[in-house]
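Down below is the structure, laid out as structure tokens.
Residue numbers (our numbering): 1091 to 1496.
Right under this line is the structure:
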């Protein structure tokens, strides 16, 4: 079997019990669970020309598996999520490592014992490490705020070094902020890892889908009860019926092909775009990617290098580290952060979360709250930042709730 695709014009909407908008992890996991566990007929509509959302990957002309929408490294502390995905794909034992290019010198991030030796020299670093261990204990993470709160000036020096060389310029590029606009709560979370573990993630379960994310999604969606319509966006096929003419009137029902859809509607797209941005667009940061194939075996010392004090791009990823292959060439991707201005040409990646924007989002959410069969799920629909594993977990939980209510 394989994924069952159809043209939306050929769909009989009355044949479906569940409607899912979006084919990333949130939508695909809900679709699979409803189809397999509940034997529900599920229709997925996806505005892109392919499945897998931002996890979509493909083999390029050099024979290298590349991630079209930025690198996605799977990691989780939740065993049930890892075991669930392993049912649809084998996983490699890949452990992601990231280094920062600081004035031409590579050092591990998060900043750790090895980073201190490179930054301060072995003799001074040994003294600093001893102070860190004595103050906080070994193999733990401390934040810039914790270090700055100490009386010892050398511990404060570590905090200042990390802030100025690892965090500040990188954050300005990533979020388009000036130094005084950087949220102090974000600064407070920047860690120093008192360890020699140079992995970027310390989660119990890590790895990459052995044949790539797209193949994982193909297996996930391979169910006779699931139909996928690509190149179909919700705004063009949903007829939103409101309780009144007021701008803030709540939804009464959603019609599809002139038929009120009364089964669960799991919506994973941007909530403001569903309502044609009637209150103005929610702010996001977007990304631009520049791919380059080089006639050499490797370009970087590890999977990703962050450019924290130089360059206008934030990082470079080299995909041969993520999914090794025998190609004599290598493909790299430079990543540029930018403002999200045009929904027709750009992808919203990161919600800009603050009190004002949260209130803005809540105004959109209130439009849906009188509709009992509408379920916003995922980064865009909930205006939150979630890692992949959290999305899978939330999708499993929502599916269980929907099946229990049935």
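Beta carbons: idealized from backbone N, C-alpha and C, even for Gly.
query = Which value, in whole angstroms, describes the spacing of the CA atoms of residue 1190 and residue 1200?
reply = 9 Å
Residue 1397 - containing beta strand (DSSP E), residue span = 1394 to 1397
key: CB-CB length for residue 1363 against residue 1325, believed under 8 Å   = 6 Å
task = Starting from the N-terminal side, write out each stretch of the beta strand (DSSP E) that is 3 residues or longer and does not extend beyond the stretch 1181 to 1229.
result = 1188 to 1192 and 1195 to 1199
request  = Look at the Cβ atom of residue 1283, then the Cβ atom of residue 1246, and state whether they are nearer than 7 Å.
outcome  = no
message = The alpha helix (DSSP H) that contains residue 1124, what's its start and end?
response = 1115 to 1128
task = Indicate the three-state DSSP secondary structure (helix, strand or coil) for residue 1420 in the structure shown.
result = strand
Exposure label - residue 1366; buried when at least 16 CB within 10 Å = exposed
Exposure label - residue 1408; buried when at least 16 CB within 10 Å = buried
request  = Pick helix, strand or coil for residue 1143, following the three-state DSSP scheme.
outcome  = helix
key: For residue 1328, the nearest candidate out of 1310, 1348, 1318 and 1317 (CA to CA)   = 1348
ask   = Over what stretch of residues does the alpha helix (DSSP H) that includes residue 1250 continue unbroken?
value = 1243 to 1252
message = Let's see if you can read the secondary structure: which residues bound the beta strand (DSSP E) around residue 1458?
response = Where residue 1458 is concerned, there is no enclosing beta strand (DSSP E), although the alpha helix (DSSP H) it sits in stretches over 1445 to 1458.
inquiry  = Quick check: residue 1403 and residue 1424, are their CB atoms within less than 7 Å of each other?
reply    = yes
inquiry  = For residue 1430, tell me which candidate among 1198, 1319 and 1360 has the shortest Cα-Cα distance.
reply    = 1360
task = Locate the alpha helix (DSSP H) running through residue 1307, then write down its first and last residues.
result = 1303 to 1310
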